[in-house]
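S.K.:
Protein chains in written order, with this note's numbering: chain A, 1 to 159; chain B, 1001 to 1601.
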């Protein structure tokens, strides 16, 4: 457990998420930051809850319509800002190494979650494309039948 | 106040199992002597729906017959009592046998009274329609969950059309001993037609198609069969039943028809004047008429428009002028003609038409006023048709451009595209101590990676380690991750089985590398600097790999979106064609002199 270090990093929250500059609405989302804190608290112990919580938070944002690219860009930005703030705030290199390690782990996990979400979406879309292809075929056949019917009825617009 | 003479009521019905189902759970009720008509749509597995609808029909008929025998007969009370009685009977039958548990039925009833009133009662989503003066209106509101949400404003019509619960009834007959029917009263007029139908018709035929068929000249029997055909043409996905009730019959043409016909005749009688006016406006000199003699130009170009306007006025459609304008514009654009020429010709023809209308108005003021609205409307249709043709051409040109661009893109190899930003941000080079630490960390990490003895996976991990190490040495970790990730990604298929090993390898490489840096020789400050560089490189690598996967998935999403647009276009086309077929069929039905062309149906 490294609660002391996590507390000191938690104090950097407003600075990292740029709350003052961007306001509450425009501030960066805190998923990456919070997950990093949990990672620091867990230290070297394994905590599957971190991945689950991060997965949950990112999935919710995707469900609300944020794009995958936006999530990745925001994760990069939060990591950069957190590393810069931590480097300035922490005097012990060993402590900074812990933060760097935690940030990298969370950033890579976030990237993996987003990639998996994109794969799942592509799978769904691919299945939908197959379904729509069948629907298109049926519609084209229906149009052809209608054109024949129109031609039979002497419609001047029949192709 | 005198009681109106009773209208002669004629009724007929038809029912069909549809194209999908084997059995027919609908049934109809026509009791001419009682003035009672109805449609029932049963539901419930193992043929229970058939039992429910037939039981309800018999119970309603018997109840109304008994009530008619009594001295005091009130339509609404009789129908309500009959439906309650039917609900009790169906529910009792459903409770008696396990196989029929949960069965029920919808019901829509029409009871014609002596003073030409009709009382309509309904439960469920079977409907009653009234056709009056060629306009169709729904008399009943569906008792479905979605319809009630729609009425409360909780859903909009688009959501309602695709709502998963759109077929779930909020009221029916038989699910419980009591039922809550809804009533409405209509004072019948000569020429009115009532339609009672199950949802197999209202779901698989459009409102307009039902309106046109019901307004046709056929007797109730023919019309009911035509309505069934309509639903079958629309897919026939459910049992379909229709009962058509006709009140009297208007033999005299309606006022609107007289006005329509006389307006059209007045226009046609001035055909020669229109041709003269068109000739006076030099339409023969238009480049569109270049291959025609002046006489032919006037006869063909102006004469055809005159006839198209006449037919549209007579039939209250726009199809003839629309067709005329489309043919004119398409022919001209096929010769790579300029649209301004079409515009000029249409303006000249419109001016000639104005002169004719003015001439008619000078002798018959009312007719002039009528045509002063109708003829410009017909010419507006020509404008719309020509605009549509232009837009169609633009879409074709756009498709050609897109195709040409795709062909161009396909002809270029990957290396010819600039995918790597030239200005890669570089950090300061590492100090000699940090560089030594990084080199040592790589050696340690590679040694660790080899201990797993899985050559293929170890190969990818080693590759990741070397790329991250190079980035950490050269750019302080700020490499263009996309380039390195692309090379690592290679030709992975976009699916979890192909991509998961790469993501696993990236994870393993990162953990191994970080662990190795911690063990590398040097002081804490030196190791911290090395770790910053290594961590940044790995982070970029992971993030860029995720971006490549996302981009790959987006192309599938885009394709899906394009297909949905195509489907939407085709659906509109199918609907348009269906309307056109209905119009043409309607023409053959309503005009005695016309006969449908022979050909294979």
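Using N, Cα and C, we set each Cβ at its ideal position, and we do this for glycine too.
Spatial neighbours of residue 1241 of chain B within its chain, please: CB distance less than 6 Å, with the 5 preceding and 5 following residues excluded, ordered by chain position.
M.R.: So the qualifying residues of the chain are 1015, 1026, 1028, 1039, 1198.
S.K.: Identify, in the order they occur along the chain, each residue of the same chain with its Cβ nearer than 6 Å to the Cβ of residue 1078 of chain B, setting aside the five sequence neighbours on each side.
M.R.: Closer than 6 Å at Cβ, skipping near neighbours: 1064, 1067.
S.K.: Buried or exposed: where does residue 1224 of chain B fall if 16 or more other Cβ atoms within 10 Å of its Cβ makes it buried?
M.R.: buried
S.K.: Tell me the residue span of the beta strand (DSSP E) that contains residue 1187 of chain B.
M.R.: 1182-1187
S.K.: Any beta carbon from chain A within less than 8 Å of residue 1250 of chain B's own beta carbon?
M.R.: Its pLDDT being 49, under 50, residue 1250 of chain B is placed unreliably in this model, and the value from its coordinates should be taken loosely. Not an interface residue.
S.K.: To which residues of the same chain is residue 1450 of chain B closer than 7 Å at the C-beta, ignoring the five residues directly before and after it?
M.R.: Same-chain partners within the cutoff: 1458.
S.K.: Opposite residue 1106 of chain B in the DSSP bridges: which residues?
M.R.: B/1041
S.K.: Could you tell me if residue 1096 of chain B is buried or exposed, where buried requires 16 or more neighbouring beta carbons within 10 angstroms of its beta carbon?
M.R.: exposed
S.K.: Taking 8 Å as the CB-CB limit, is residue 1304 of chain B close to chain A?
M.R.: no
S.K.: Would you identify the three-state DSSP class for residue 1093 of chain B, choosing helix, strand or coil?
M.R.: helix
S.K.: Counting only beta-carbon atoms, is residue 59 of chain A nearer than 8 Å to chain B?
M.R.: no
S.K.: How about residue 1105 of chain B and residue 1089 of chain B: do their beta carbons lie closer than 8 Å?
M.R.: Against a cut-off of 8 Å, the Cβ pair of residue 1089 of chain B and residue 1105 of chain B comes out as no contact.
S.K.: How many angstroms separate the CA atom of residue 147 of chain A from the CA atom of residue 1577 of chain B?
M.R.: 8 Å
S.K.: Given that residue 1395 of chain B touches chain A, what residues does it touch there, using C-beta distances under 8 Å?
M.R.: Simply none; closest approach about 16 Å.
S.K.: Whose Cβ in chain B lies nearer than 7 Å to the Cβ of residue 72 of chain A?
M.R.: 1543, 1546, 1547
S.K.: From the DSSP output, in three-state form, read off residue 95 of chain A for me.
M.R.: helix
S.K.: Just to confirm before moving on: does the CB-CB distance between residue 1247 of chain B and residue 1007 of chain B stay below 8 Å?
M.R.: yes
S.K.: Quick one: Cα of residue 1169 of chain B to Cα of residue 131 of chain A, how far?
M.R.: 29 Å
S.K.: Let me see if you follow: with CB-CB separation under 8 Å, is residue 100 of chain A close to chain B or not?
M.R.: yes
S.K.: Consider the Cβ of residue 94 of chain A: report whether some Cβ of chain B lies at a distance smaller than 8 Å.
M.R.: Taking 8 Å as the threshold, the shortest C-beta distance from residue 94 of chain A to chain B falls below it.
S.K.: Are the region 1364-1378 of chain B and the region 1287-1302 of chain B in contact at 8 Å, needing three or more beta carbon pairs?
M.R.: no
S.K.: If we require 3 or more residues per run, which beta strand (DSSP E) segments fall completely within the region 1550-1593 of chain B?
M.R.: The region 1550-1593 of chain B contains no whole beta strand (DSSP E) run of 3 or more residues.
S.K.: Output, in sequence order along the chain, the residues in the region 103-122 of chain A whose CB is closer than 9 Å to any CB in chain B.
M.R.: When CB distances to chain B are screened at a threshold of 9 Å, the residues of the region 103-122 of chain A falling below it are 103, 104, 105, 107, 108, 109, 110, 111, 112, 113, 114, 115, 116, 117, 118, 119, 120, 121, 122, in chain order.
S.K.: Taking buried to mean at least 16 other C-beta atoms within 10 Å of its own C-beta, is residue 1032 of chain B buried or exposed?
M.R.: exposed
S.K.: Quick one: residues in its chain with C-beta nearer than 7 Å to the C-beta of residue 1356 of chain B, no 5 flanking neighbours on either side, listed in chain order?
M.R.: Apart from the 5 residues on each side of it in sequence, residue 1356 of chain B sits with its Cβ closer than 7 Å to the Cβ of 1270, 1273, 1274, 1277 in its chain, given in chain order.
S.K.: In chain A, which residues lie less than 7 Å from residue 1185 of chain B when you measure between Cβ atoms?
M.R.: By Cβ distance, chain A contributes nothing, its closest Cβ being about 41 Å from residue 1185 of chain B, past 7 Å.
S.K.: Roughly how many angstroms separate the alpha carbons of residue 110 of chain A and residue 50 of chain A, rounded to a whole number?
M.R.: 11 Å
S.K.: Which residues in chain B have a C-beta closer than 9 Å to the C-beta of residue 150 of chain A? List them in chain order.
M.R.: Neighbours of residue 150 of chain A across chain B, judged by C-beta separation under 9 Å: 1577, 1580, 1581, 1584.
S.K.: Residue 1302 of chain B to residue 1349 of chain B, Cα distance in whole Å?
M.R.: 7 Å
S.K.: Please identify, using Cβ separations under 9 Å, the residues of the region 1519-1531 of chain B that lie next to chain A, in order along the chain.
M.R.: 1523, 1524, 1525, 1526, 1527, 1528, 1529, 1531
S.K.: Based on the DSSP secondary-structure assignment, which residues constitute the bridge partners of residue 1027 of chain B?
M.R.: Looking at the DSSP assignment, residue 1027 of chain B forms a beta bridge with B/1040.
S.K.: For the putative contact between residue 1468 of chain B and residue 1534 of chain B, defined by C-beta atoms under 8 Å, what is the C-beta separation to the nearest angstrom?
M.R.: Confirmed, about 6 Å.
S.K.: From what residue to what residue does the beta strand (DSSP E) around residue 993 of chain B run?
M.R.: Beyond the ends of chain B as shown, which are 1001 and 1601, falls residue 993 of chain B; an answer cannot be given.
S.K.: Listing by chain order, which chain B residues have their CB less than 8 Å from the CB of residue 69 of chain A?
M.R.: 1547, 1550
S.K.: Run through chain A and tell me which residues come within less than 8 Å of residue 1538 of chain B, C-beta to C-beta.
M.R.: The answer, in chain order, is 104, 108.
S.K.: To test your reading of the DSSP string, which unbroken alpha helix (DSSP H) runs of 4 or more residues are found completely within the region 1233-1295 of chain B?
M.R.: 1255-1269, 1271-1280
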